[in-house]
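In UniProt numbering, the protein residues as written are 1 to 541. Encoded as structure tokens, the structure appears first; notes follow it.
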């Protein structure tokens with residue numbers, strides 16, 4: 001080989017080596033920064049394309065048990081890959097994964113099970129990091145200059161912020177929520193990657209996926225602005241004060257505007273116990289059944305009356321205490337008001353009418369509303385809305401059998417069913433994304449303490465209250481039919497509780513609540529009618 005040839009050959013090698021060193025250096029530098037923008041996006045797109053290819057190549061339903069095992073292994077493999085990315089990237093990826101997790105009913109069981117781990121995946125950052133955020137927002141003042149006392153050890157950590165306990169110079173005890181420093185730097189990149197991947201998957205799988213991205217992105221940006229959260233808290237409090245039956249039983253902590261900013265929120269400290277911690281509530285002499293009923297009513301009033309709805313009512317955001325002014329009264333305290341949605345008045349009324357139609361068995365009205373929303377499978381939507389089996393013609397018995405061939409034909413046609421479910425995405429009310437999230441979490445809360453509350457009846461009554469505000473007195477014959485339906489539901493509820501209590505007493509078996517039984521029946525009906533396979537444990541929250 002000539003000298004010239006060797007020089008020509010070595011040039012691309014040198015370029016390649018130089019590029020490799022440069023990329024490696026940039027990656028090494030990025031990995032030491034708080035935001036880690038390059039590493040997080042490389043991880044996202046590499047795994048995103050890999051799982052898309054995996055599904056495209058291997059998702060081929062057949063009619064044998066071996067085919068079923070192969071597909072379940074595929075779902076497990078891909079679910080682990082995507083949720084590992086959420087956990088490793090942290091920040092808004094945790095929030096995106098949690099949104100997916102609470103909407104997981106239409107996903108394979110592997111996704112539903114794996115999603116639950118994300119709710120505990122929010123490690124705290126060192127105090128020096130949030131200290132810097134505080135000083136940037138308060139003209140260089142250190143927390144010790146603003147507060148009489150400040151606990152540097154966080155008491156709680158979430159996906160975008162962590163909470164410290166402090167005391168103001170006037171003696172008030174407060175909770176100081178400080179945003180993690182990398183969130184603002186990561187936000188545009190993370191949401192951009194989220195949008196791109198949805199577009200890619202929409203093309204690969206020919207499914208409606210990206211229609212909701214703008215709405216979700218808008219609310220995630222709002223959640224990272226603590227001035228908006230402060231405004232949400234005050235507004236929620238005003239609405240609750242207007243509900244005579246709730247104003248003393250539900251509380252929202254006071255906001256200290258003078259100590260708050262876009263990345264720092266200071267509010268009244270409240271000593272309370274999480275809604276589902278029945279042992280702690282019992283030790284305090286608080287009836288957890290009363291607490292759960294109050295919480296369900298509070299969120300139902302938001303959905304059907306004010307239209308201003310808390311998007312994340314998990315137990316950590318719903319505390320319980322004795323009313324400081326009425327010691328015998330149980331009081332529910334709502335915290336973390338970053339994620340709220342405002343329903344349009346049109347949607348609020350139609351959603352009230354939908355619930356009324358469900359309990360009046362008014363299928364034509366229900367179908368009419370669903371078509372208004374671009375939904376052409378009203379029965380499936382009713383089942384998802386009530387989170388219990390629904391059929392406009394006849395009940396689907398839990399002892400119906402589905403053979404192996406039927407099972408995989410249903411899975412094979414799932415894509416067509418999902419496409420048909422949302423034929424006109426432009427009409428679909430995007431409020432339902434977070435309304436469904438709220439209802440799923442509230443249901444999981446009730447189930448976690450043994451389903452002592454007839455949640456569905458409570459929701460139905462508040463739906464009618466939402467209508468009465470606009471159309472005056474309710475027609476008497478509709479009242480009779482509605483009350484008869486609720487009576488039957490109540491009888492069913494108490495029969496279940498009596499049967500399970502008797503079974504536990506006589507046979508020593510574990511008592512199941514109504515939510516557990518509805519889970520099983522909904523699982524069966526969703527699979528038999530729509531080919532959607534649900535793991536009932538997804539409703540455990």
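The beta carbon of each residue, even a glycine, is placed where N, CA and C say it ideally should be.
Check                                                                                                                        : Outcome
Buried or exposed (CB count within 10 angstroms, at least 16 for buried), residue 220                                        : buried
Alpha-carbon to alpha-carbon, residue 373 and residue 429                                                                    : 6 Å
C-alpha distance - residue 253 paired with residue 379, whole-angstrom precision                                             : 41 Å
Contiguous beta strand (DSSP E) assignments of at least 3 residues, all confined to the stretch 163-242                      : 173-179
Cα-Cα separation between residue 367 and residue 322, rounded to whole angstroms                                             : 44 Å
Reference residue 270, options 341, 195, 164 and 229, closest by Cα                                                          : 164
Rounded C-alpha distance that separates residue 171 from residue 283                                                         : 29 Å
Nearest residue (CA-CA) to residue 195, options 211, 183 and 175                                                             : 211
Three-way DSSP call (helix, strand, coil) for residue 308 in this model                                                      : strand
Identity of the residues DSSP links to residue 250 by a beta bridge                                                          : 332
For residue 267, the residue or residues it bridges with in DSSP                                                             : 175 and 255
Inter-residue spacing [alpha-carbon to alpha-carbon] between residue 462 and residue 338                                     : 24 Å
Straight-line Cα distance separating residue 256 from residue 174                                                            : 9 Å
Whole-angstrom distance between residue 434 and residue 341, CA atom to CA atom                                              : 7 Å
Classification of residue 75 by the beta-carbon crowding that lies within 10 angstroms, buried from 16 upward                : buried
Test item: CB-CB of residue 287 and residue 332 under 8 Å                                                                    : no
Bounding residues of the beta strand (DSSP E) (the contiguous stretch that carries residue 386)                              : Per DSSP, residue 386 belongs to no beta strand (DSSP E); it is in the alpha helix (DSSP H), 378-386.
Residue range of the alpha helix (DSSP H) that includes residue 117                                                          : Looking at the DSSP string, residue 117 is not in any alpha helix (DSSP H), and its letter there is neither H nor E.
Top-ranked residue by Cα proximity to residue 244, from 294, 177, 153 and 149                                                : 294
Nonlocal neighbours in the same chain, by C-beta distance under 8 Å from residue 137, ignoring five residues either side     : 261, 262, 263 and 264
Neighbourhood of residue 352 by C-beta distance below 6 Å, restricted to the same chain and skipping five residues each side : 304, 463, 466 and 467
Contacting residues, own chain, Cβ-Cβ under 6 Å from residue 251 (five flanking each side not counted)                       : 331 and 333
Assigned secondary structure, residue 320 (DSSP; H/G/I helix, E/B strand, else coil)                                         : strand
Buried or exposed (CB count within 10 angstroms, at least 16 for buried), residue 46                                         : exposed
Buried versus exposed, by CB contacts within 10 Å (16 or more), residue 296                                                  : buried
Bridge-paired residues (DSSP) for residue 149                                                                                : 167
Residue burial classification, residue 142 (beta-carbon count within 10 angstroms, cutoff 16)                                : exposed
Whole-Å CB distance - residue 178 paired with residue 224, under 8 Å assumed                                                 : Not a contact, Cβ separation roughly 12 Å.
Under the three-state DSSP convention, the category residue 348 falls into                                                   : helix
Where residue 440 falls, given that 16 or more other Cβ within 10 Å makes a residue buried                                   : buried
Inter-residue spacing [alpha-carbon to alpha-carbon] between residue 361 and residue 268                                     : 46 Å
Residue 300 versus residue 459 - alpha carbon distance                                                                       : 6 Å
Length of the line joining the Cα atoms of residue 130 and residue 222                                                       : 20 Å
Where residue 159 falls: helix, strand or coil (DSSP)                                                                        : coil
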